[in-house]
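*Asks:*
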């Protein structure tokens, strides 16, 4: 009994010492904070690149991409008007984390709607909406 | 060679280290039974309520919470996305939501639980020898099914900012102070904000993506008694 208690405490102590990390988050907090502090184009680019880097590095280390990273990247792409890439990332998030479905579907719907507007505005011949959720 | 005596000594040191700041111990299972009952997975982090005097505390907190929370095994919705959506709905901080039924978050985001945070103190103390970040927060994870509090943290965290590559006598000390001062003005201070968040999350039962999910009921944590917490 005493041993178990000691082991538990020791275990606790070590958990605190050497946290085994589930994900690779890179410099996420830093680049995001810098961007939140001052929303310059440079800071935006840095954070955007960091998200791409996290995905790349996670794959390299055979880790699951952290929760929300694909979703956030897609959201940034949506603000940049890159609808196709945004849709890919929203779907990727949903695939990796099925519990994100409700929010991702909402974002997918938003993306397809906004690209309808864009297409009308630009009066382009090709319609990116047809590919995904065109009937929405 | 590691002798039995050395191990014993080590254990005693560990124990004393562990016990110095504590009053009563309690297991996670006894302290947060609803966490094990409901097993929430998807968490929405709400914009914190900032009661501290630091204007940037909110930003520091919100940019450094997602990472440690996800490492404990939960799905954390991308804060940048959810906070933007909430902003569009006119919700800038959680103050507006304290008495609202949380079922909306299940409906709108598919969330199992919502994290409310009140930042009571966010003080940066500069001193020649020790510079610290002192953070006082009250965090509550509430169920979107029952509105009940599933997990709670209430406390004071002190992060030593002068840690890391120190040394080098007095000259090193001067450099250190300068570095701390510079860092606090820059994004590197984010690391310390994250450390504060990691510490605050120390008692949360581990989530589904963690290897020890549903196996940590017997882990002992410091029993936080909010009444005793106010020093």
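Chains as they are written, first to last, in this note's numbering: chain A, 12 to 147; chain B, 47 to 277. Just so you know, even glycine gets a beta-carbon here, dropped at the ideal spot from N, CA and C.
Hey, how far is the Cα of residue 108 of chain A from the Cα of residue 78 of chain A?
*Replies:* C-alpha separation (whole angstroms): 7 Å.
*Asks:* Using a Cβ-Cβ cutoff of 7 Å, what residues of the stretch 32 to 47 of chain A are near chain B? List them in chain order.
*Replies:* Going along the stretch 32 to 47 of chain A in chain order, one finds 32, 33, 34, 36, 39, 40, 41, 43, 44, 45 and 47 with a Cβ nearer than 7 Å to chain B.
*Asks:* Mind reading off the beta-carbon distance from residue 190 of chain B to residue 160 of chain B? Whole number of angstroms is fine, and I expect it under 8 Å.
*Replies:* Going by Cβ atoms, the distance from residue 190 of chain B to residue 160 of chain B rounds to 6 Å, so yes, they are a contact pair.
*Asks:* Give the residues of chain A in contact with residue 103 of chain B, contact being defined as C-beta atoms less than 7 Å apart.
*Replies:* Within 7 Å Cβ-Cβ: nothing; residue 103 of chain B doesn't reach chain A, min ~12 Å.
*Asks:* Taking 8 Å as the threshold (beta carbon to beta carbon), is residue 79 of chain A in contact with chain B?
*Replies:* Yes, because at least one Cβ of chain B sits closer than 8 Å to the Cβ of residue 79 of chain A.
*Asks:* When you compare each of B:142, B:84 and B:124 to residue 76 of chain A by their alpha carbons, which one comes out closest?
*Replies:* Residue B:124 is the option with its Cα nearest to residue 76 of chain A.
*Asks:* Between residue 96 of chain B and the rest of its own chain, which residues show a CB-CB distance below 6 Å, the 5 nearest in sequence each way excluded?
*Replies:* If we look at residue 96 of chain B and ignore the five residues flanking it on each side, its Cβ neighbours are 103, 104 and 165.
*Asks:* Quick check for students: name the residue ranges of the alpha helix (DSSP H) that lie wholly in the stretch 77 to 108 of chain B, counting only runs of 4 or more.
*Replies:* Correct list: 79 to 84.
*Asks:* Is there a Cβ of chain B sitting closer than 8 Å to that of residue 82 of chain A, yes or no?
*Replies:* So, interface residue.
*Asks:* Is the separation between the beta-carbon of residue 113 of chain B and that of residue 39 of chain A shorter than 8 Å?
*Replies:* Yes, Cβ-Cβ distance for residue 113 of chain B and residue 39 of chain A is below 8 Å.
*Asks:* Can you name, in chain order, every residue of its own chain whose Cβ lies under 8 Å from the Cβ of residue 247 of chain B, other than the five neighbours on each side?
*Replies:* Cβ neighbours of residue 247 of chain B beyond the five flanking positions: 114, 115, 118 and 199.
*Asks:* Is residue 59 of chain A close to chain D, meaning its C-beta is less than 8 Å from at least one C-beta of that chain?
*Replies:* In the displayed structure, chain D is absent; the protein chains listed are A and B.
*Asks:* Could you name the residues of the stretch 91 to 118 of chain A whose beta carbon sits closer than 8 Å to any beta carbon of chain B, in the order they occur along the chain?
*Replies:* Those would be 108, 110, 111, 112, 113, 114, 117 and 118, in chain order.
*Asks:* If you pair each beta-carbon of the stretch 150 to 157 of chain B with each one of the stretch 109 to 119 of chain A, do three or more pairs fall below 8 Å?
*Replies:* Flag = yes, the stretch 150 to 157 of chain B and the stretch 109 to 119 of chain A touch.
*Asks:* Can you tell me the Cα-Cα spacing of residue 87 of chain B and residue 257 of chain B, whole angstroms?
*Replies:* Roughly 14 Å separates the two Cα atoms.
*Asks:* In the DSSP output, what is residue 159 of chain B paired with across the bridge?
*Replies:* Partner(s): B:89 and B:189.
*Asks:* Give the secondary structure of residue 116 of chain B by DSSP, where H, G and I count as helix, E and B as strand, and everything else as coil.
*Replies:* Residue 116 of chain B: helix per DSSP, three-state reduction.
*Asks:* Provide the residue span of the alpha helix (DSSP H) that contains residue 82 of chain A, from first to last.
*Replies:* That run of the alpha helix (DSSP H) goes 80 to 90.
*Asks:* Out of B:240, B:250, B:141 and B:265, which one is the CA nearest neighbour of residue 110 of chain B?
*Replies:* The residue with the shortest Cα to Cα distance from residue 110 of chain B is B:240.
*Asks:* Could you give the DSSP three-state label for residue 206 of chain B: helix, strand or coil?
*Replies:* Residue 206 of chain B falls in the strand class under three-state DSSP.
*Asks:* Which term fits residue 128 of chain B, buried or exposed, when burial requires 16 or more other beta carbons within 10 angstroms of its beta carbon?
*Replies:* Buried, by the Cβ-count rule.
*Asks:* Nearest by alpha-carbon distance to residue 122 of chain A: which of A:65, A:89 and A:54 is it?
*Replies:* The shortest Cα separation from residue 122 of chain A among A:65, A:89 and A:54 belongs to A:89.
*Asks:* May I ask which residues mark the beginning and end of the beta strand (DSSP E) holding residue 266 of chain B?
*Replies:* Unbroken beta strand (DSSP E) run through residue 266 of chain B: 266 to 268.
*Asks:* Taking only beta-carbon positions, decide if residue 155 of chain B is within less than 8 Å of chain A.
*Replies:* Residue 155 of chain B counts as touching chain A.
*Asks:* Should residue 263 of chain B and residue 82 of chain B be called a contact, given that it needs their Cβ atoms to be closer than 8 Å?
*Replies:* Going by C-beta atoms, residue 263 of chain B is nearer than 8 Å to residue 82 of chain B.
*Asks:* When DSSP labels each residue in this structure, what does residue 131 of chain B get in the three-state scheme?
*Replies:* It is helical.
*Asks:* Name, in chain order, the residues that DSSP records as bridge partners for residue 168 of chain B.
*Replies:* Bridge partners of residue 168 of chain B: B:181.
*Asks:* In the stretch 177 to 190 of chain B, which residues sit with their C-beta less than 7 Å from some C-beta in chain A, listed in chain order?
*Replies:* Those residues of the stretch 177 to 190 of chain B that come within reach of chain A (Cβ to Cβ, closer than 7 Å) do not exist; the list is empty.
*Asks:* For residue 243 of chain B, is the beta carbon positioned less than 7 Å from some heavy atom of the ligand NAD?
*Replies:* Here there are no bound small molecules, and the ligand NAD is not part of this structure.
*Asks:* Give every residue of the same chain whose Cβ lies closer than 8 Å to the Cβ of residue 114 of chain A, excluding the five residues on either side of it in the sequence, and list them in chain order.
*Replies:* For residue 114 of chain A, where only same-chain residues beyond five positions count, the Cβ hits under 8 Å are 82.
*Asks:* Between the Cα of residue 47 of chain A and the Cα atoms of B:207, B:151 and B:106, which residue gives the shortest distance?
*Replies:* Among B:207, B:151 and B:106, the Cα nearest to that of residue 47 of chain A is on B:106.
*Asks:* Roughly how many angstroms lie between the CA atoms of residue 63 of chain A and residue 255 of chain B, to the nearest whole one?
*Replies:* So the two alpha carbons sit approximately 22 Å from each other.
*Asks:* Under a CB-based cut-off of 8 Å, is residue 164 of chain B close to chain A?
*Replies:* Chain A contact via Cβ: absent.
*Asks:* Applying a beta-carbon distance threshold of less than 9 Å, which residues of chain A neighbour residue 129 of chain B?
*Replies:* Per Cβ cutoff of 9 Å: no residues; residue 129 of chain B is ~10 Å from chain A at best.
*Asks:* Is the CB of residue 88 of chain B under 8 Å away from at least one CB in chain A?
*Replies:* Closer than 8 Å: yes.
*Asks:* Does any residue of chain A bring its CB to less than 8 Å from the CB of residue 278 of chain B?
*Replies:* Any answer about residue 278 of chain B is impossible in this case: the structure gives chain B only from 47 up to 277.
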